[in-house]
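Here the structure comes first, spelled out in structure tokens, and everything after it is commentary.
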Amino acid sequence: MSRNIFASVSVAALLAVGVSGPAAARDDALQMVSIDVEGGGGTLFVTPDGHSLLIDTGNPEQSRVTGDNPSSARIQKAAAELGVKKIDYLITTHYHIDHIGGLEGLMKRMPIGTFIDHGPNRETTASTRPDAPQIDLKNPPPNSTAAGYNHYLTLIKGHRHIVAKPGDVFHVGGMTVTVVMADAKPIAKPLPGAGEENPSCAGMEAMANNGGEENARSTASIISYGKVKIAAFGDLTWDREKDLFCPIDRVGKVDVYLATHHSTALSGSPAAVNAMAPIVAIAGNGARKGADPVRMKTIEESPRIQGVWMLHTSTANPGANVKDTDMIANPVTDQSQDKAYDLRLRIEKDGKITVINERNGFNKTYQAQ
1 MSRNIFASVS VAALLAVGVS GPAAARDDAL QMVSIDVEGG GGTLFVTPDG HSLLIDTGNP
61 EQSRVTGDNP SSARIQKAAA ELGVKKIDYL ITTHYHIDHI GGLEGLMKRM PIGTFIDHGP
121 NRETTASTRP DAPQIDLKNP PPNSTAAGYN HYLTLIKGHR HIVAKPGDVF HVGGMTVTVV
181 MADAKPIAKP LPGAGEENPS CAGMEAMANN GGEENARSTA SIISYGKVKI AAFGDLTWDR
241 EKDLFCPIDR VGKVDVYLAT HHSTALSGSP AAVNAMAPIV AIAGNGARKG ADPVRMKTIE
301 ESPRIQGVWM LHTSTANPGA NVKDTDMIAN PVTDQSQDKA YDLRLRIEKD GKITVINERN
361 GFNKTYQAQ
């Protein structure tokens, strides 16, 4: 199913981030920002004509990890620097608090046009523990995923709302968003260029722990702009990756990989990563969240990888940090010194991908193959 969702938005200027640093200009590049929401989800895309797509809204306003600089403020800042005053489309991959927590604050800071999600909450227990008891979904505990989902429904009431289905295709300006999995259902047919048997599936066993059922229900998308393909899978879990990539790879090669589930141990299987074989990987980890050593090694050993970038130095897994600190946006171990720098990508239709560290302007350019 193909859906055209063009938007009209007033744009003062687009941030064209080149090797000499930020400059306000219009050009043919897609701007992408991996926003530092301290281990939550928050990725912004702005097309050359000013259409905007946000994937997830990060942590709540009152959060110990973001302190007095909440996720909503960080997202608004990233949008403003790209001349964006309105989020045209928001994809909420799933209903965990680190992916929907910033929504209420963001809606107070700037309007959001259309809300896209996978449909009803599927996490019906009091916590993410496998043995957690079932709860009353109409009157759930205040900190449960079910409570967060009920609040989400209240916030989006009266707005345009789309329930994504696998195979849906959305056109946002010159960018195409293809849903490859939603509500634990994969696309029925492989994408163009995919469909081969995946040798990395051999010996892949099931993983009992998924960190909460909503992770497994994540809306997973392939975003295309010119020659470049970007994988944004939310917190899609190991077993659901197996459904999508085994025994037949239904996705194919990508150029930019937003490391699934903040690069934690519950996702990022060799079957998925090797099949996609990204050129560039962005680990949206927090200082004490994500960057699992085994998962980072999987990315670093994938067949086409040329660059791995991180939002944070991992204090939990220091051995997993990339060696070049210029490729880490926030290389601090003392979180009181964290300045919440982002990673920015400038993506051109001819396949040129430039990754820029907001902290120091360090950048590298890659070519989609």
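Residue 242 in the working numbering is what sits at position 242 of the sequence shown, and the numbering runs on without skipping anything. For each residue, glycine too, the CB sits at the ideal point set by N, CA and C.
Worksheet item: When you compare only the Cα positions, how much space is there between Pro293 and Val37?
Response: C-alpha separation (whole angstroms): 21 Å.
Worksheet item: Alpha carbon to alpha carbon, what distance is there between Pro166 and Glu348?
Response: 27 Å
Worksheet item: Considering only residues of the same chain and omitting the five flanking positions on each side of Lys227, which have a CB-CB separation below 6 Å?
Response: The residues are Gly351, Ala368.
Discussion item. If we require 4 or more residues per run, which alpha helix (DSSP H) segments fall completely within the stretch 210-279?
Written reply: 213-216, 238-245, 270-276
Discussion item. For Asn69, which residues in the same chain have their Cβ closer than 8 Å to its Cβ, ignoring the five residues on either side in sequence?
Written reply: Ala340
Discussion item. Please give me, in chain order, every unbroken run of the alpha helix (DSSP H) with length at least 4 that falls completely inside the stretch 281-368.
Written reply: 293-300
Worksheet item: In three-state DSSP terms, what is Met32?
Response: strand
Fill in: Nearest candidate by alpha-carbon position, reference Ala146, set Gly290, Ile91, Arg122
Arg122
Practice prompt. Could you give the DSSP three-state label for Arg109: helix, strand or coil?
Written response: helix
Worksheet item: According to the neighbour-count rule (16 or more other Cβ atoms, all chains shown, within 10 Å of its Cβ), is Ala24 buried or exposed?
Response: In this predicted model, Ala24 has a pLDDT of only 40, less than 50, meaning its place in the structure is not dependable; the value taken from the coordinates is given anyway. Result: exposed.
Worksheet item: According to DSSP, is Asp27 helix, strand or coil?
Response: coil
Worksheet item: Is Arg359 buried or exposed, if buried means 16 or more other CB atoms sit within 10 Å of its CB?
Response: buried
Item to complete: With a 10 Å radius around its C-beta and 16 neighbouring C-beta atoms as the bar for buried, classify Gln76 as buried or exposed.
Response: buried
Discussion item. For the pair the stretch 309-316 and the stretch 183-191, tell me if three or more CB-CB distances fall below 8 Å.
Written reply: no
Fill in: Span of the beta strand (DSSP E), counted from its first residue to its last, around Tyr95
Unbroken run through Tyr95: none, as it is neither H nor E.
Worksheet item: Looking only at its own chain, which residues have a Cβ that is under 8 Å from the Cβ of Val254, when we skip the five neighbours before and after it?
Response: Ile222, Lys229, Ile230, Ala231, Met276, Ala277, Pro278
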